[in-house]
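Note sheet for the following structure.
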Amino acid sequence: MERRVGRALVRPRVLIVGAGLAGLGAAQRLLRRGGRHLGGVRVLEATGRAGGRIRSGKLRGKVIEIGAHWIHGPSKENPVFQLASEHGLLDEAAMSEENQQVEIGGHPLGPSACFSSRGQLLSPDILDSMGLLFFALLEEAREFVHAAKVPVPSVGEYLKEAIARKVREWSDDEETKRLKLAVLNLFFKLECCVSGTHSLDLVALGPFGEYTMLPGLDCTFPNGYEGLIDCLMASLPKGTVQFDKPVKTVHWNSSCLEEAPAGRTFGVQVECEDGEKFFADHVIVTVPLGFLKEHGETFFNPPLPSRKVAAVEKLGFGTNNKIFVEFEQPFWEPDCQVVEVAWDGESPLAEPPADLEAIWYQKIAGFVVLHPAERYGHILCGFIAGKEAEFMETLTDAEVLSALTEVFRRATGNPQLAPPRSILRSKWYSEPYTKGSYSYVAVDSSGDDIDALAQPLHEGTSDSKPPQVLFAGEATHRTFYSTTHGALLSGWREADRLLDIYDMSESPHAAL
Ligand SMILES: Cc1cc2nc3c(=O)[nH]c(=O)nc-3n(C[C@H](O)[C@H](O)[C@H](O)COP(=O)(O)OP(=O)(O)OC[C@H]3O[C@@H](n4cnc5c(N)ncnc54)[C@H](O)[C@@H]3O)c2cc1C
Ligand SMILES: *[C@@H]1O[C@H](CO)[C@@H](O)[C@H](O)[C@H]1NC(C)=O
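Numbered according to UniProt numbering, the sequence shown spans residues 1 to 512.
Below you can see the structure in the form of structure tokens.
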């Protein structure tokens with residue numbers, strides 16, 4: 001079974017950079033299917049923990065998600081859902097056939113409480129009608145994937161032009177129009193969180209519809225998303241993952257031929273920040289696109305070819321953060337799913353505020369109420385994207401807590417409203433090995449850039465030699481980028497690429 005390379009029979013040695021879902025998924029698949037034909041699989045992780053952007057934490061003893069929140073589209077085709085079901089990590093409702101068939105195209109909002117910043121609770125009608133309008137336009141925006149030409153470069157510009165036309169048909173009084181626009185602006189902020197971008201003006205219109213939504217009612221992990229990572233870790237032989245091993249440079253194309261103990265030569269050498277060097281035949285790089293944008297130039301020796309450099313530069317990678325606040329008493333109704341604040345005078349058609357640092361909190365798209373209350377008590381999870389989210393990371397907990405208390409007091413019109421008891425935030429932009437939240441297809445880029453990013457690098461000058469550097473991770477999946485299932489599938493894809501080359505699938509039908 002082993003591939004004959006040169007004079008000797010070699011058992012290929014594989015290194016994986018990054019112990020997120022993509023890296024762990026690749027490692028597990030290689031070990032399960034390649035088994036004894038492999039000369040070793042090792043994962044090098046920069047931080048002291050596995051999971052990457054899957055990270056569960058605790059707020060007052062309650063499990064909350066600092067990273068990935070939902071399984072988007074939990075149904076048969078979704079490998080994260082499959083894996084979570086097999087390991088018994090989901091509750092019964094989430095696994096029901098009924099739930100798997102729901103097609104909602106994003107997570108459902110359910111009953112929500114939308115306040116105006118002037119302290120009134122808005123009528124559900126206005127929220128419903130603006131929601132219908134916004135999501136219908138967003139659907140239209142997805143259809144340009146089949147079009148030869150786009151009317152405008154970005155999703156934001158497309159939505160704004162369509163809304164400007166609608167507004168001219170509105171016969172409401174000025175006050176109602178003002179409210180409707182403020183509510184529409186909330187949906188823009190929400191979509192910024194979904195796309196992990198500062199503004200929808202940065203999201204490319206043409207490829208927008210390539211992102212694919214699977215059926216199923218988005219669900220969460222009652223005991224934390226990280227349970228999935230624990231299962232993967234438990235399935236790997238002890239010592240497979242080495243922690244606190246940030247990789248500094250990947251030397252490939254035999255740029256650093258060295259003798260290894262067994263007297264073999266390896267085409268790839270991975271050099272860590274601490275100076276330790278690892279040798280391999282192949283390396284699967286799963287570092288986030290945010291990391292590559294910052295370190296891509298020095299991370300590879302020889303450097304990445306220009307087509308890949310262009311993809312790294314052009315594709316989008318933004319910040320979406322969460323702010324969890326816990327209250328002693330709720331100021332929302334028990335069935336309420338989301339608390340929102342529509343800022344008086346805001347409009348998607350107006351210029352964005354110049355002084356975003358002064359009013360950063362107005363960028364918060366909404367607060368998801370964690371359910372059930374019996375499990376969580378009274379916790380809200382605020383979502384905020386873009387430059388305001390990055391600025392928020394520079395503030396202290398006390399500063400954020402006091403800003404939010406002011407927001408809730410204004411919204412409810414109750415200047416005595418008790419502040420939250422505790423707070424916990426994500427700071428994904430400041431994480432040195434992530435530098436943001438997830439990828440999107442930015443204006444001037446396309447799905448071809450995602451495919452270019454995913455292309456492996458081969459030794460020498462032709463692609464006939466086996467690939468030395470392979471790429472996985474959320475940002476390398478053309479239709480499921482920005483998700484956990486996209487990450488897992490990309491890891492499997494690169495594991496399979498190697499297994500196919502060596503024709504070493506022992507048991508192609510085994511689990512994973
Ligand atoms: C706030 C937030 C909310 C999200 N919500 C959802 C959601 O609801 N549903 C969903 O499906 N997805 C969601 N996602 C996206 C999802 O978390 C990611 O797409 C997925 O976890 C990415 O997995 P990955 O393996 O590609 O990357 P990562 O999990 O980032 O793994 C990469 C690993 O590489 C390591 N690394 C980086 N540089 C180096 C280096 N130089 N040397 C060694 N190791 C290195 C990192 O430390 C990290 O552990 C969310 C993400 C965020 C941030
Ligand atoms: C890889 O090495 C070959 C020579 O062995 C060279 O021709 C080629 O340009 C190198 N590729 C890169 C990307 O440096």
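Virtual Cβ for every residue (Gly too), placed ideally from N, Cα, C.
Cross-strand partners of residue i (DSSP beta bridge)
i, result
"P420", "Answer is none; P420 lacks a bridge partner."
"V14", "V41 and H282"
"E98", "According to DSSP, which records beta bridges pairwise, E98 is partnered with nothing at all."
"S439", "F317"
"C381", "F324 and V368"
"H251", "Q269 and N301"
"L457", "V469"
"Q242", "L44"
"residue 518", "With the chain covering 1 to 512 only, the question about residue 518 has no answer from this structure."
"I66", "None; I66 has no bridge partner."
"E340", "C114"
"V203", "A442"
"C219", "I71"
"R425", "I323"
"L121", "F115"
"K277", "E271"
Whole-angstrom distance between residue j and residue i, CA atom to CA atom
i, j, result
"H198", "R493", "31 Å"
"V183", "G436", "27 Å"
"L499", "K76", "25 Å"
"G318", "G263", "45 Å"
"T298", "F291", "11 Å"
"K223", "R178", "Lys is not the amino acid found at residue 223; the sequence shown has Asn there. Going by the C-alpha atoms only, they are around 42 Å apart."
"D397", "W70", "25 Å"
"D448", "V194", "21 Å"
"E406", "G377", "22 Å"
"V155", "R33", "42 Å"
"L232", "F81", "14 Å"
"P330", "V368", "13 Å"
"S464", "L159", "46 Å"
"T265", "G486", "34 Å"
"D173", "S347", "16 Å"
"P420", "P305", "51 Å"
"E340", "V469", "46 Å"
"S255", "G51", "31 Å"
"L90", "P372", "15 Å"
"G216", "I323", "26 Å"
"A403", "Y361", "7 Å"
"M95", "L214", "15 Å"
"A84", "L121", "39 Å"
"S117", "K149", "40 Å"
"Y433", "P246", "9 Å"
"V312", "D281", "24 Å"
"H477", "Q455", "11 Å"
"V63", "I423", "13 Å"
"V152", "Y438", "24 Å"
"L380", "P12", "49 Å"
"P466", "E294", "28 Å"
Residue interval of the alpha helix (DSSP H) (run including residue i)
i, result
"C231", "E226 to S235"
"E399", "D397 to T412"
"E77", "Segment: none, E77 is in no alpha helix (DSSP H) and carries neither H nor E."
"F391", "K387 to M392"
"residue 513", "Any answer about residue 513 is impossible in this case: the structure gives the chain only from 1 up to 512."
"V150", "No alpha helix (DSSP H) contains V150, which DSSP labels as neither H nor E."
"residue 513", "Residue 513 lies beyond the residue range present for the chain, which begins at 1 and ends at 512; the question has no answer from this structure."
"I126", "P124 to R142"
"G25", "L21 to G34"
"E374", "A373 to Y376"
First through last residue of the beta strand (DSSP E) which encompasses residue i
i, result
"L470", "P467 to F471"
"G57", "S56 to L59"
7 Å Cβ cutoff, residue i in contact with chain B
i, result
"G88", "The displayed structure is made up of one protein chain only, and chain B is not part of it."
- Counting by C-beta, which residues lie closer than 7 Å to a heavy atom of ligand 2, in chain order? N253, S254, P302, P305, E459, G460 and T461
- Query: Quick check: the segment 8 to 21 against the segment 285 to 292, are there 3 or more CB pairs under 8 Å?
  - Reply: yes
- Touch check for the segment 273 to 284 and the segment 222 to 232: three-plus C-beta pairs under 8 Å? no
- Message: With three or more C-beta pairs closer than 8 Å as the rule, is the segment 409 to 416 touching the segment 373 to 385?
- Response: no
- Task: Could you tell me whether the segment 330 to 344 touches the segment 25 to 39, where touching means 3 or more Cβ pairs closer than 8 Å?
- Result: no
- Is the segment 152 to 172 touching the segment 128 to 139, taking contact as three or more C-beta pairs under 8 Å? yes
- Does the segment 236 to 251 come close enough to the segment 110 to 122 to have 3 or more Cβ pairs within less than 8 Å? no
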